[in-house]
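Colleague: My questions will all concern the structure given below.
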Amino acid sequence: MVSQFKPTWMVTNIYDLTPKQLRENGVRAVLTDLDNTLIAWNNPDGTPELRHWLTLLELAGIRVIVVSNNSRARVDRAVAPFNLPYIHRALKPLSWGLRRALRRWHLRRDEVIMVGDQLLTDVWSAHHTGIRSVLVKPILKSDAWITKGNRVLEKVVMWRLRHDYPELTWQEDLNERKAH
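Residues 5 to 184 (the working numbering) are what the sequence shown spells out, left to right.
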């Protein structure tokens with residue numbers, strides 16, 4: 005059961021994913037969570053680092069698509085300055101939102117990754133959609149109230165994952181070593 009929460013990779017920060025690494029792993033599109041993965045949950049304006057990362061991926065022809073459980077208004081407000089496509093109300097941990105993104109942008113499972121900061125939503129939904137996942141550390145140590153309960157359960161799941169899979173460690177990039 006705990007294997008359903010095991011990420012393909014664990015990378016410290018989404019901005020550490022370079023176009024070169026992504027291409028080497030056959031990635032044409034990055035599906036990403038919004039809050040505490042792409043932007044801080046309490047700062048919808050993003051950072052210069054985010055803008056730079058998005059520009060690098062765009063120049064490399066790698067699409068970035070936000071897949072968020074947030075409302076249309078929240079996601080639209082956050083991604084509008086970056087002109088990013090998105091799926092709102094994705095219903096993660098269900099696979100509905102990820103499957104919808106695959107269909108809408110005509111993507112195959114083997115050419116995308118799902119990046120997120122939560123095992124119980126982002127990684128689980130990627131696993132059940134049949135796509136690779138990248139767990140990143142949350143941008144902020146604090147969370148919106150709705151996420152706090154997940155973090156408690158996540159600590160238990162991570163403890164079990166590390167017990168069952170001792171090779172599961174934080175990496176600097178995708179090429180360092182797969183968690184599988």
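Glycine included, every Cβ here is placed at the ideal spot set by N, Cα and C.
Report all residues from its chain with a CB closer than 8 Å to the CB of I66; omit the five preceding and five following residues, and keep chain order.
Modeller: Closer than 8 Å at Cβ, skipping near neighbours: P23, L26, R27, V31, R32, A33, V34.
Colleague: Could you compute how far the alpha carbon of V79 sits from the alpha carbon of H92?
Modeller: Straight-line Cα distance between these residues: approximately 7 Å.
Colleague: Please name the residue in D126, V160, P85, N87 whose C-alpha comes closest to that of L95.
Modeller: Looking at the Cα atoms, D126 is the closest of the given residues.
Colleague: Grouping DSSP H, G and I as helix and E and B as strand, with all else coil, what is V127?
Modeller: Three-state DSSP puts V127 in a helix.
Colleague: Taking the beta carbon of G134 as the centre, do at least 16 other beta carbons fall within 10 Å, making it buried, or is it exposed?
Modeller: With fewer than 16 Cβ atoms within 10 Å of its Cβ, G134 is classed as exposed.
Colleague: Enumerate in chain order the residues of its own chain whose CB-to-CB distance from D177 is below 8 Å, with the five nearest sequence positions on each side excluded.
Modeller: Cβ neighbours of D177 beyond the five flanking positions: V15, D20, L21, T22, Q25.
Colleague: Using beta-carbon positions only, say whether S137 and M162 come within less than 7 Å of one another.
Modeller: For S137 and M162, no; Cβs fall outside 7 Å.
Colleague: Of the choices E171, H131, P142, L139, whose alpha-carbon is the least far from that of M5?
Modeller: Cα-wise, what sits closest to M5 is H131.
Colleague: Please give the ranges of any beta strand (DSSP E) in the region 92 to 136, keeping only runs that are unbroken, at least 3 residues long and fully inside the region.
Modeller: Within the region 92 to 136, the complete beta strand (DSSP E) runs of at least 3 residues are 116 to 120.
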